[in-house]
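Numbering (the UniProt record's numbering), first residue to last: 1 to 204. Glycine included, every Cβ here is placed at the ideal spot set by N, Cα and C. Before any comments, here is the structure.
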């Protein structure tokens with residue numbers, strides 16, 4: 001069964017919510033990158049201690065942006081899974097959040113005074129979970145919508161991100177890192193275009 005977007009308000013709402021989540025996520029990453037660069041420049045590289053002294057307004061803004069991403073994603077993908085009668089779509093977006101919450105809670109209980117570096121390192125596990133389930137999600141979306149930008153975008157994004165991390169850790173070559181960053185942005189843009197071009201979803 002094919003469900004066209006112009007005939008289904010829930011599918012329209014799902015697309016709008018997911019597009020909004022991508023916009024919020026871009027703003028969140030840009031603000032995070034700017035904050036990290038500013039802290040590194042103004043505090044002589046001692047980012048960990050400077051991070052603890054950030055103004056409460058900025059931390060509130062950051063949490064608000066993150067919450068907006070979370071709500072838009074959960075709402076949008078829930079609606080998409082409901083319309084397409086495909087539980088896998090919602091599982092792929094919900095499971096990484098659940099795992100991240102459990103890991104963060106466990107770390108807080110075990111190490112209540114953990115440093116910023118320890119918290120960052122713990123997120124590596126959830127990073128791989130997000131990557132794995134994102135690949136499953138967009139492969140499934142590519143199958144049920146016949147929109148190949150989803151599959152091509154996540155492949156380009158994942159490959160570029162992996163190579164970027166490999167380059168930064170091992171070689172410190174700015175030019176290669178910049179090129180891989182461009183690849184990440186292009187892959188992300190392809191996914192965004194995929195949702196923008198979304199016309200229908202198949203329920204089988």
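Burial state of residue i (16 or more Cβ within 10 Å)
i: residue 22; result: buried
i: residue 160; result: buried
i: residue 64; result: exposed
i: residue 33; result: exposed
i: residue 156; result: buried
i: residue 96; result: buried
i: residue 6; result: exposed
Within 9 Å, strictly: CB atoms of residue i and residue j
i: residue 191; j: residue 138; result: yes
i: residue 122; j: residue 103; result: yes
i: residue 61; j: residue 77; result: no
i: residue 198; j: residue 140; result: no
i: residue 154; j: residue 187; result: yes
i: residue 142; j: residue 150; result: yes
Beta-carbon contacts of residue i that lie in its chain and below 6 Å, excluding the five residues immediately before and after
i: residue 19; result: 195
i: residue 10; result: 79, 83
i: residue 193; result: 149
i: residue 72; result: 17, 20, 21
Inter-residue Cα distance where the pair is residue i and residue j
i: residue 200; j: residue 82; result: 14 Å
i: residue 147; j: residue 68; result: 26 Å
i: residue 29; j: residue 184; result: 13 Å
i: residue 93; j: residue 131; result: 11 Å
i: residue 66; j: residue 31; result: 11 Å
i: residue 101; j: residue 126; result: 10 Å
i: residue 70; j: residue 105; result: 18 Å
i: residue 59; j: residue 25; result: 16 Å
i: residue 8; j: residue 124; result: 39 Å
i: residue 98; j: residue 182; result: 30 Å
Own chain residues within Cβ distance below 8 Å of residue i, not counting five before or after
i: residue 84; result: 3, 144, 201, 202, 203
Contacts around residue i, its chain only, beta-carbon distance under 7 Å, and the 5 residues preceding and following it disregarded
i: residue 12; result: 5
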